[in-house]
Every structure is written in structure tokens, then in C-alpha cells.
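Visitor:
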Amino acid sequence: MEVVEGSVEGKYAAILSKPKAVQQKKDAVGGSVSATEEGVLPNPTSVEQRKSGHHVKPTTVNQPDGFLRYRKRERHSPDRRDAFLEAMEHAKNQQPCDDDTFQIDTLMSFFDCTKVASEKAVDHVLAYIRKRRDGLPQCRFDFLDASFVAELIRNYREFNACPSKDAYSFSPCLKQPFISRPQWFTKVDVLYVPVMVKKSYWVGVIVDLNVWAMYVVASNTACPSEVDLTSVITPFSILLPHLIGRYSVGNKAQELHFAPMTISRLELSALVEHPCKRCSAVVTLMLLELHAVGKPLNSVHFSDEQAKTAAENYTFETLQMCQPGKLPPPE
Numbered sequence: 001m002e003v004v005e006g007s008v009e010g011k012y013a014a015i016l017s018k019p020k021a022v023q024q025k026k027d028a029v030g031g032s033v034s035a036t037e038e039g040v041l042p043n044p045t046s047v048e049q050r051k052s053g054h055h056v057k058p059t060t061v062n063q064p065d066g067f068l069r070y071r072k073r074e075r076h077s078p079d080r081r082d083a084f085l086e087a088m089e090h091a092k093n094q095q096p097c098d099d100d101t102f103q104i105d106t107l108m109s110f111f112d113c114t115k116v117a118s119e120k121a122v123d124h125v126l127a128y129i130r131k132r133r134d135g136l137p138q139c140r141f142d143f144l145d146a147s148f149v150a151e152l153i154r155n156y157r158e159f160n161a162c163p164s165k166d167a168y169s170f171s172p173c174l175k176q177p178f179i180s181r182p183q184w185f186t187k188v189d190v191l192y193v194p195v196m197v198k199k200s201y202w203v204g205v206i207v208d209l210n211v212w213a214m215y216v217v218a219s220n221t222a223c224p225s226e227v228d229l230t231s232v233i234t235p236f237s238i239l240l241p242h243l244i245g246r247y248s249v250g251n252k253a254q255e256l257h258f259a260p261m262t263i264s265r266l267e268l269s270a271l272v273e274h275p276c277k278r279c280s281a282v283v284t285l286m287l288l289e290l291h292a293v294g295k296p297l298n299s300v301h302f303s304d305e306q307a308k309t310a311a312e313n314y315t316f317e318t319l320q321m322c323q324p325g326k327l328p329p330p331e
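Counting from 1, position 331 in the sequence shown corresponds to residue 331 in full-length UniProt numbering; the numbering is continuous, with no gaps.
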């Protein structure tokens, strides 16, 4: 797996739309504080990167309307926190619901950062992130559920053993992003997805459909190991082209003869004060959102307290989206 060095603000930022007039409003990442016009991200300059032996064409980026500058001074919301914990306590006394029904208590693993966040919790937060993304109709990126990649990888062994790849039947649920979300290639160029490695650590994967490449971002440069990471990302890079050829518009996969996507790990400086498995989910989502809006990842750093506060804010907004009225409005 090749490591890409330096800033990562170049290639993917081209997916962003041209900004309109900037207004003072709430930040888009992790429930951060508002930004004024002077605080908005400047347009990053072009950056040339190496990817699997080839030059990635540099480009420039404009700040999209609706996404404002990320700041690390996340606000605590004591009233919302108390209301959230009360909702958690109430949920413990309720009868188990159907698997398809939103269950408040699934958010707890994401909220408290005392253990590795569950796949369900991350998917719930991703639903909130997608809703916010859908407020930017001209943006050309999208977010995939963590369960999508997990299910795709579960297909790998049978797919690999199938003599005729065209005859292989993928799990029916894998078709869902192609019919319920903006079309890939025509409306989406870049996909963002969190991936759990060995049930113990979350990383982010940036899929560039046009370049046919995957880029991995992680909050800890030493974890997970290259061996563990490759064991998960490699099946993903092999299967996704076949899934694209089956369900996506166009014939990009066929033109490339279903070649696996190249994989690179972006080399970033220390991003978290004390990186650990327990906060890897929230930091992964913040990194993916920041990258989507053109923020150079090498310029961000999170303290433990900031990561925990962002986790709380993500869960507050997710609960408010799924069950309006459960929490008081933000301060």
C-alpha cells in the first residue's frame, strides 16, 4: 500500500461547488461554533500528489455555500447532554424494537467514547451527515454507510470462489445506494465511507471514482497495521468495481476491465492528542467531512476533550433528526 505524503487538499476538492455569499451560521462539522465571513476557509492552492506511481492532476477548490470553516473550539451543551442521558436511561426500560427501528441506545457507544463505536451507531450518525450533505444539491460527493462496506466484504469469499464473476449474485442490500442516493459518476465523483478494521479501529476511505483509487485516512499513523488494513481494504477495492459495473450508470468499470482500485494511505501528522481506538470513529467522521469541504487535513489537530465534545454533538444532532423534540435547541 503506497503512502501519499503532504497536504491532501488538492484533487478531491474539485468536487465542490462555487461559493455564494457567506452568512454567519452554524459550522458543518462536528457541531462546531459559527464562523464569520472573515473566518471562512481561504481557497487552498494547488497541490501535486503521488498516487500509485502516477501524478494526480492538481486542481484548486472553492469554499461551498453552506459549509463554513471548521473550528476546534466545540461548544459543550450541558442542557442537551442531560436531556440525551435522560433519553438513554428511558430507552433502557423499553422493550426491544424491530431491527429496522431507530434505537436510541445504539448511539451510546458513539457518545461516550469509552469503547469502540458500533457499526449501527456510526450508520445513524452518517444518516445525519447525509441529510446535511443533501442541503448542498450541487456538491459532487456522498457518504456511504459503514454497513455497506462490511456487507460487501462479507461477499468476498464466495465471489472469489465463483468461476464466473458475471453470474455472482451480490447481497440485495448492496444495490440500495445506487437507487436511493445521487447517481455515481453523473452526480457524484467522490465517496466517503468509514470502515471498521478487525472490529477494533475505525478508518476513513475516500473513493475517487474518476481516478479509480481509494485513499485511507486514520487518526493514528501507527494503527491499524498495514497488514490489518490491507486485509480489509483490498477486498473492498476488488469488489467495488464489479458492483459498479452491475448497478451504476455508464461503463467505467467495463472500460477498465473491472480492475481493482488502487489503494494509498495518506500520511498525516499527529491528529489527536492521545489517539485511541475508542475515539477513532468520531475522528474518522470529522476527517472525512473536513476533506469533503476542502479542509487540508495536515492543518487540523484535536485534543481529547475536543474529540469527545464532537462525539456528543454528533449524537445530539442525530437524535434530534430521528426523534425531534427529544433535546432542547442548541445554545
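Backbone N, C-alpha and C define an ideal beta-carbon position, used for all residues, glycine too. Values in this document were obtained by computation on a predicted structure and should not be read as measured data.
(1) Any contact of the stretch 233-247 with the stretch 161-174, i.e. 3+ C-beta pairs under 8 angstroms?
(2) At what residues does the alpha helix (DSSP H) containing R181 begin and finish?
(3) What is the DSSP secondary structure of G204, reduced to helix, strand or coil?
(4) Comparing C-alpha positions only, which one of K295, N210, L229 sits nearest to R140?
(5) By how many angstroms is the C-alpha of H257 removed from the C-alpha of N313?
(6) Can you find the residues in the same chain that come closer than 8 angstroms, C-beta to C-beta, to F178, ignoring five residues on each side of it along the sequence?
(7) Give, in chain order, every unbroken run of the beta strand (DSSP E) that is at least 3 residues long and sits entirely within the stretch 232-285.
(8) Excluding five sequence neighbours on each side, which residues of the same chain lie with their C-beta closer than 7 angstroms to the C-beta of R278?
(9) Assuming P194 and V122 make a contact with CB atoms under 8 angstroms, what is their CB distance in whole Å?
(10) From L285, E289, V216, T221, pick the residue whose C-alpha is nearest to that of I206; which is it?
(11) Which residues in the same chain as T315 place their Cβ atom closer than 6 angstroms to its Cβ, once the five residues preceding and following it in sequence are excluded?
(12) Measure the Cβ-Cβ separation of V282 and A307 and say whether it is below 8 angstroms.
(13) In this structure, does DSSP put Y192 in helix, strand or coil?
(14) Whose C-beta lies closer than 6 angstroms to the C-beta of M261 among residues of the same chain, with five residues either side of it excluded?
(15) Helix, strand or coil: which one does DSSP assign to D134?
(16) Rounding to the nearest angstrom, what Cα-Cα distance links V197 and D166 in this structure?
(17) Rounded to whole angstroms, what is the Cα-Cα separation between D134 and V188?
(18) Might you give, ordered along the chain, the residues of its own chain that have their beta carbon closer than 6 angstroms to the beta carbon of W202, omitting 5 neighbours on each side?
(19) Which of helix, strand or coil does DSSP assign to Y156?
(20) Expressed to the nearest angstrom, what Euclidean distance is found between the alpha-carbon atoms of P235 and K175?
Guide: By the coordinates alone:
(1) yes
(2) No alpha helix (DSSP H) holds R181; DSSP gives it neither H nor E.
(3) Secondary structure at G204: strand, using DSSP grouped into helix, strand and coil.
(4) N210
(5) 44 angstroms
(6) W184, Y247, S248
(7) 262-266, all fully within the stretch 232-285.
(8) C113, T114, K115, V116
(9) 6 angstroms
(10) V216
(11) L107, F110, F111
(12) Cβ atoms of V282 and A307: closer than 8 angstroms.
(13) strand
(14) W212, A213, M214, S237
(15) coil
(16) 28 angstroms
(17) Cα atoms of D134 and V188: separation of roughly 12 angstroms, rounded to the nearest angstrom.
(18) P194, M196, S280, A281, T284
(19) Assigned with DSSP and collapsed to three states, Y156 falls in helix.
(20) Counting only the Cα atoms, K175 lies some 18 angstroms from P235.
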